[in-house]
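Engineer: Reminder that position 64 of the sequence shown reads as 64 in the UniProt record's numbering, one-by-one numbering, no gaps. We treat Cβ as the ideally placed atom computed from N, Cα and C, and that holds for glycine.
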Amino acid sequence: MADVTFTSPKMAKDLTVYATAGDCHTLLSVAKAHKVPIEFECENGECGSCSIQVVVMADTPMAIHLTEKEKTVLRFSGKISKQQIEDAEVRDMPPPWRLACQYIVRDEDILVRL
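#1: Confirm, please, whether the CB-CB distance from Leu111 to Met62 is below 8 Å.
#2: Helix, strand or coil for Ala31? Go by DSSP, reduced to three states.
#3: On the criterion of 16 or more Cβ atoms from any shown chain inside 10 Å, does Ala33 qualify as buried, or is it exposed?
#4: Any contact between the region 93-102 and the region 15-27? By contact I mean 3 or more CB pairs, one from each, below 8 Å.
#5: Please name the residue or residues paired with Gln53 in a DSSP beta bridge.
#6: Can you give the Cα-Cα distance for Thr60 and Thr20, rounded to whole angstroms?
#7: Please identify the residue among Val55, Asp107, Lys10 and Gly48 whose C-alpha is closest to the C-alpha of Glu68.
#8: What do you reckon, are the CB atoms on Thr7 and Arg113 nearer than 8 Å?
#9: Under a three-way DSSP split, which group does Ala88 fall into?
#10: Among Glu70, Val4, Lys79 and Ala88, which has the Cα closest to the Cα of Tyr18?
#11: Glu108 and Ala2 - do their beta-carbons sit closer together than 8 Å?
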């Protein structure tokens with residue numbers, strides 16, 4: 001189980017929910033299930049409207065997997081750099097921005113800034 005804490009100025013207070021690791025649900029689907037006011041349009045990783053900041057709460061994050069769509073959309077929008085993509089793939093350093101529709105919740109606690 002992972003604690004996923006959502007925070008946003010649009011919310012009266014932070015919301016922490018439990019997500020089952022390994023069930024292949026995206027962060028967007030977890031947010032929608034708990035009525036978190038997250039913006040989204042295509043739900044397919046092509047528009048970038050669901051970009052969010054994710055902070056891994058563990059000292060040593062698990063291996064990072066960015067989809068090709070995430071790399072393209074986040075890099076094109078200027079949210080992550082080529083170096084940050086390389087750091088994620090080679091050094092398991094999480095990038096500051098992700099797409100909620102592409103991020104699969106894992107067995108690690110995270111803070112999500114909307």
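Structural biologist: Looking at the atomic coordinates:
#1: no
#2: Reduced to three states, the DSSP call for Ala31 is helix.
#3: exposed
#4: Two segments are said to touch when three or more pairs of C-beta atoms, one from each, lie closer than 8 Å; by this definition the region 93-102 touches the region 15-27.
#5: Trp97 and Arg113
#6: 20 Å
#7: Gly48
#8: yes
#9: helix
#10: Val4
#11: yes
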